[in-house]
Amino acid sequence: MWCCEGREQLRHTHSDTFTPPMPVPKKDDKSSDRVTLKKEIGLLSACAIIIGNIIGSGIFISPKGVLEHAGSVGLSLIVWVCGGGICTLGSMCYAELGVTIPKSGGDYSYVTEIFGGLVGFLLLWSAVLIMYPTTLAVIALTFANYVLQPAFQDCLPPYVATRLLATICVLFLTWVNCSSVRWATRIQDVFTVGKLLALVLIIVVGLVQICRGHYDALRPSTAFQFSEEPSVGQIALAFLQASFAYSGWNFLNYVTEEVVEPRKNLPRAIYISIPLVTLVYTMTNIAYFSSMTPQELLASNAVAVTFGEKLLGMFSWVMPISVALSTFGGINGYLFTSSRLCFSGAREGHLPYLLAMIHLKNCTPIPALLVCCIATIVILCIGETHNLINYVSFINYLSYGVTIAGLLYLRKKNPALLRPIKVNLLVPVSYLVFWAVLLGFSLYSEPVVCGLGMVIMLTGVPVYFVGVQWKDKPKWLYRAVGECVPSPPVPGCLGSRPSPPLLLCLLML
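Using this note's numbering, the letters of the sequence shown correspond one by one to residues 874 to 1382.
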């Protein structure tokens, strides 16, 4: 049922109880026996993956945080526009990396290729341990809250009910992604259109309000009235809040190997999607301010619901349902791409080799999908996840900067490398300047929150040296794992007996 997708890093087999992985066929090898991920993602689906991953719960959560730290309507809108511009610069750099190093795995694959195993493992460790499971949990909880909100208009939905519905949603979408890549991308296409329609509804209603003259908060004379003059650190935190809404702009790079003609479709999808999302986000915030005062927006825990209650009257129920559809597509997109990160990490030898297995018939990385699903459900059961958003945003920006710094290092290290796309040097330099200022002032303003983000990442250092670098592990450990893994009928394939625990597998890397 399973096949290990060509892991050259598994050559260090220490025991006869292990079957070596299937060798990578040479270019002239006509027998395509090796099972690989299929190229089924065209330009439309590629755009849907980017838009679907960016537009999730962020645009319905972050406006409050951005306004709170920016201190005025005008500055908050500038933060949203500049945030999209910074993402555009970053995505241009990722387009170059994506066609220069055409491997799935995104930041992790590029950093591993450029800087080596330890730096790549730290990015992978923080992403698998906290970044993506936490983000998935936040989006799933947002989905559950908005679905249940119409039934609990006078109070918050019950704690258990929201967790149960969020878990069911994650389990269902995991099953879809395990069953078929085509079905997963079709869901992404449909719900991306749905979430855009929800935001278009907000924008159209907001524009109608503006045409009626309801734009007091947007007038130049009042837009930059500060309740309290923001410091540079507060502005940096406003950008950090906006970055959560924009997170996902690099996710197409996680599935590069499944994109049809990636050299053409990867940059095209990026250049279409990022400006579109920036426009939609900016117009959505303008629409919010056409119907709500800054004080009302700051007092609201569900901005879109408050907007709908004020302007849609008896049709206000449309807004929570629209937000639920939006977040449903976001969960699907995050599951699809984060599972490919686990898959790529296992293929490179940084995660248990079990996660490099793909289903022979469906050609989907089912073990990697199950790990992402289980990690998300665990975080859902722990309790509050919103406090981790700042940790996630900080780690996100840290990984972006390291990756784009790697682009400059790769140009110097290997200038003769074929680069179908080569961006102007000012693009990565401008991004890195902004990146350094943002992280520096964020760390100064929130040393505990941002410091914990760095600590989470650095906990991967001992794990790397024990699990990956330590080659001469005791033979009894290999024998114990070998007894759990039967000799597969085909080299590189996994039989039907139970696999060893993941922690034990990690020690076997």
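Where is the CB? At the ideal position from N, CA and C, for every residue including glycine.
Check: Taking the alpha-carbon positions, what's the Val1081 to Leu1072 distance?; Outcome: 14 Å
Check: Where do the ends of the alpha helix (DSSP H) carrying Leu1156 lie?; Outcome: Before going on, a small fix: residue 1156 reads as Met here, not Leu. Unbroken alpha helix (DSSP H) run through Met1156: 1135-1164.
Check: Taking the alpha carbon of Pro1023 as the point to measure from, which residue in Gly1106, Ala1142, Ser1189 has its own alpha carbon closest?; Outcome: Ser1189
Check: Helix, strand or coil, according to DSSP, for His1087 in the structure here?; Outcome: coil
Check: Does the Cβ-Cβ distance between Leu1009 and Val1043 come in under 8 Å?; Outcome: yes
Check: In whole angstroms, what separates the C-alpha of Ile1194 from that of Val1153?; Outcome: 19 Å
Check: Skipping 5 residues on each side, what residues in its chain have a beta carbon closer than 6 Å to that of Val1358?; Outcome: Confidence at Val1358 is low in this model, with a pLDDT of 44, below 50, so the placement of that residue is unreliable and no value is reported for it.
Check: By how many angstroms is the C-alpha of Val1178 removed from the C-alpha of Ala1197?; Outcome: 11 Å
Check: Going by the DSSP bridge assignment, what does His1223 pair with across the sheet?; Outcome: Answer by DSSP bridge pairing: none, since His1223 is not bridged.
Check: Measure the beta-carbon distance from Leu1125 to Ala1142 and round it to whole angstroms, keeping in mind my assumption that it falls under 8 Å.; Outcome: 6 Å
Check: Just grab the DSSP bridge partners of Val1132 for me.; Outcome: Ile914
Check: Could you spell out the range, first to last residue, of the alpha helix (DSSP H) harbouring Ile1012?; Outcome: 1005-1021
Check: Let's test the definition: count the other Cβ atoms within 10 Å of the Cβ of Lys903 and tell me whether it reaches 16, buried, or not, exposed.; Outcome: Note on Lys903: pLDDT 45, under 50, position unreliable in the model; the coordinate value appears next. Label assigned to Lys903: exposed.
Check: Tell me Tyr1247's beta-bridge partners as DSSP assigns them.; Outcome: According to the sequence provided, residue 1247 is Ile. The question's Tyr does not apply to it. According to DSSP, which records beta bridges pairwise, Ile1247 is partnered with nothing at all.
Check: For Ile854, which of helix, strand or coil comes out of DSSP?; Outcome: Here the chain comprises residues numbered 874 to 1382, so residue 854 is not present and cannot be evaluated.
Check: Check Ile1231 in the structure and name its three-state DSSP category.; Outcome: strand
Check: Enumerate, from N- to C-terminal direction, the unbroken alpha helix (DSSP H) stretches of 4 or more residues contained entirely within the stretch 951-993.; Outcome: 980-988
Check: State the DSSP-derived secondary structure class of Trp1343, mapped to helix, strand or coil.; Outcome: coil
Check: Could you pull out every residue in the same chain whose Cβ sits closer than 8 Å to the Cβ of Ser1052, ignoring the five residues on either side in sequence?; Outcome: Asn1235, Thr1237
Check: DSSP three-state call for Pro1238: helix, strand or coil?; Outcome: coil
Check: So, at 6 Å on beta carbons, what are the nonlocal neighbours of Ala1118 in its own chain, with the 5 sequence-adjacent residues on each side left out?; Outcome: Gly931, Ile932, Ser935
Check: For Cys1028, does the three-state DSSP call read helix, strand or coil?; Outcome: coil
Check: Determine, using beta carbons only, whether Cys1246 and Thr1047 come nearer to each other than 8 Å.; Outcome: yes
Check: Buried or exposed, going by whether 16 or more other CB atoms sit within 10 Å of the CB of Asp1345?; Outcome: exposed
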